[in-house]
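S.K.: For reference, the structure I am asking about is given below.
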Amino acid sequence: MAQKLAKHESGIGKITFPPEADGDFDTVPTKKIAEWREKLNARFGIGQGRMDVISEPSAKT
6 MAQKLAKHES
16 GIGKITFPPE
26 ADGDFDTVPT
36 KKIAEWREKL
46 NARFGIGQGR
56 MDVISEPSAK
66 T
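Here is the structure:
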């Protein structure tokens, strides 16, 4: 369990994690990460020139 980890440096106590991080997790294969990345890139237009500027920063004078 993640909550059982502790740092042994001076002045630092036990490391705590949020409840949703407490569990047994498997490693994620690189192939699966690549699939997620492709889906997110297609959904949000990353690398396809579809991103639009919402507002230009104002120039300081």
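Position 9 (the sequence shown) corresponds to 14 in the working numbering; numbering is contiguous. Beta carbons: idealized from backbone N, C-alpha and C, even for Gly.
(1) How big is the Cα-Cα spacing for Leu45 and Pro62?
(2) In whole angstroms, what is the alpha-carbon distance linking Asp27 and Lys65?
(3) Pick helix, strand or coil for Thr36, following the three-state DSSP scheme.
(4) Nearest-angstrom Cα distance between Gly50 and Val33?
M.R.: Here's the rundown:
(1) For Leu45 and Pro62, the distance between alpha carbons rounds to 27 Å.
(2) Approximately 48 Å, taken between the alpha carbons.
(3) This sequence places Lys at residue 36; Thr is not what is there. Looking at Lys36 - three-state DSSP - the assignment turns out to be helix.
(4) Those two C-alpha atoms are separated by around 24 Å.
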